[in-house]
Amino acid sequence: MDRRAVEDLFKPIGAVTIKRMFGGLGIYSDGLVFAIEAGGEIYLKTDSENLPQFEAYGLRPFSFESKRGTTVTSYRLLPEEAHEDEVALRHWCGLALGAAKRAAAGKVKKKRRGKDDPP
């Protein structure tokens with residue numbers, strides 16, 4: 145899937161920024177990566193809060209091989225229906241954006257701790 149196809153797919157959710165990432169594309173909204181394109185497929189960010197919804201649909205995770213073996217990521221395949229249905233696309237992207245925002249909020253909290261603060 146090329147950059148133009150990715151831009152067209154995500155038009156219903158508003159402006160996205162697309163950057164090359166690990167041989168694929170990172171898809172950003174408001175500066176947060178919420179999706180990736182790899183091998184011609186779109187994967188959405190998950191976390192402990194939204195993962196059950198992705199698992200209920202049987203959506204496989206993005207994984208890749210390295211010298212250390214198979215790495216399974218926190219990104220799950222975008223449901224096929226969301227490629228054709230704007231309502232479904234908005235729903236699934238909303239879940240992924242929520243995960244991206246929670247991840248960013250967690251990073252900010254970690255950065256704010258001083259060296260003398262307890263963990």
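All residue numbers for the sequence shown refer to the numbering used here, where the first residue is 145 and numbers rise by one.
For glycine and all other residues, C-beta sits at the position ideal for the given N, C-alpha and C.
Host beta strand (DSSP E) of residue i (start-end)
| i | result |
| --- | --- |
| PRO143 | Absent from the model: residue 143. The displayed extent of the chain is 145 to 263, so no value can be given. |
| ALA182 | 176–182 |
| GLU224 | No beta strand (DSSP E) contains GLU224, which DSSP labels as neither H nor E. |
Of the residues the options, the one placed nearest residue i, counting alpha carbons only
| i | options | result |
| --- | --- | --- |
| ALA248 | LEU169, ARG147, THR190 | THR190 |
| ILE157 | THR214, ALA226, LYS211 | ALA226 |
With 16 other Cβ atoms within 10 Å as the buried cut-off, status of residue i
| i | result |
| --- | --- |
| PHE198 | buried |
| ALA200 | exposed |
| ALA244 | buried |
Element boundaries [alpha helix (DSSP H), containing residue i]
| i | result |
| --- | --- |
| GLU199 | 195–200 |
| GLU151 | 147–154 |
- Specify whether the stretch 213–220 and the stretch 180–192 touch according to this definition: at least 3 beta carbon pairs, one from each stretch, less than 8 Å apart. Three or more pairs of CB atoms, one per stretch, sit closer than 8 Å, so the stretch 213–220 contacts the stretch 180–192.
- Query: Does the stretch 230–242 come close enough to the stretch 160–179 that 3 or more CB-CB pairs lie under 8 Å?
  - Reply: The stretch 160–179, when compared against the stretch 230–242, does touch it at the 8 Å Cβ threshold.
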